[in-house]
Amino acid sequence: TSDDVFMVGKMAAFQIQNLLVAYKERFDKDNFIKNLLLDNLLLVDIYNRSKKLYIDVDARRCVCIIETKNEKDSVALETVRTLFSGNKKDFITAVDEKSIILVKELEEKQGYEDIEKIARTIVDMLNTEAMVKATVAYGTIVKEIKEVSRSYKEARMALDVGKIFFSTKNVIA
């Protein structure tokens with residue numbers, strides 16, 4: 080009947096609106112993380128947007144930079160996203176053509192050995208599944224969201240120094 084068709088139409092419109100809201104929220108988080116990494120936010124904005132996006136400000140995090148040899152490697156990005164899709168507290172984004180950024184939330188007992196294992200897993204996964212040679216560098220573990228950009232800068236520095244002095248290594252701290 081026409082009432083059933085009308086109800087199905089309303090349900091479909093409602094679902095599409097929900098998908099749109101979810102997409103915008105995800106985009107908002109991505110944008111927030113990029114600005115956080117690049118130090119483009121004031122301290123008050125970091126805390127306000129974290130609260131609005133339901134991001135824990137006091138979690139332990141570490142930034143990993145995954146650099147691929149090819150520019151704009153969407154296969155590598157999707158492989159990394161698939162690898163970490165189970166944890167909604169990890170953020171995967173890209174701030175330039177060659178780098179994929181992973182902001183990994185760590186549990187209290189996790190340390191640098193665990194980050195090293197994660198980095199090796201990423202390198203192995205990209206090598207076997209995406210057929211991509213990658214280098215992973217990571218920064219120090221930070222305890223607050225405002226320090227994430229420092230971890231990113233340290234990882235970037237490690238990557239740059241590693242290219243010069245440790246060109247054969249594919250995981251750099």
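So for the sequence shown, my numbering puts the first residue at 80; every next one is plus one.
Even for Gly, the Cβ is constructed at its ideal location relative to N, Cα and C.
Keep in mind the model is a prediction, meaning the values are calculated, not measured.
Subject >> Beta bridge counterpart(s) of A57 as assigned by DSSP >> reply: In the structure as shown, the chain starts at 80 and stops at 252, and residue 57 therefore has no counterpart that could be examined.
Subject >> Environment of V100 [buried if 16+ CB atoms lie within 10 Å] >> reply: exposed
Original post:
Could you give the distance in angstroms between the alpha-carbon of K151 and the alpha-carbon of V174?
Top reply: 11 angstroms
Original post:
Taking C-beta to C-beta, are V209 and V250 nearer than 8 angstroms?
Top reply: A small correction: the amino acid at residue 209 is Ala; Val does not occupy that position in the sequence shown. Cβ atoms of A209 and V250: not closer than 8 angstroms.
**OP:** Compute the Euclidean distance between the alpha carbons of I180 and K248, then round it to the nearest angstrom.
**Re:** 19 angstroms
Original post:
Can you tell me whether DSSP reads E184 as helix, strand or coil?
Top reply: strand
Subject >> Nearest-angstrom Cα separation, counted from N97 out to V123 >> reply: 29 angstroms
Original post:
With respect to the beta strand (DSSP E) encompassing F163, which residues constitute its N-terminal and C-terminal limits?
Top reply: Here F163 belongs to no beta strand (DSSP E), and DSSP marks it neither H nor E.
Original post:
Among residues of its own chain, excluding the 5 on either side of R128, which ones have a beta-carbon nearer than 7 angstroms to its beta-carbon?
Top reply: F111
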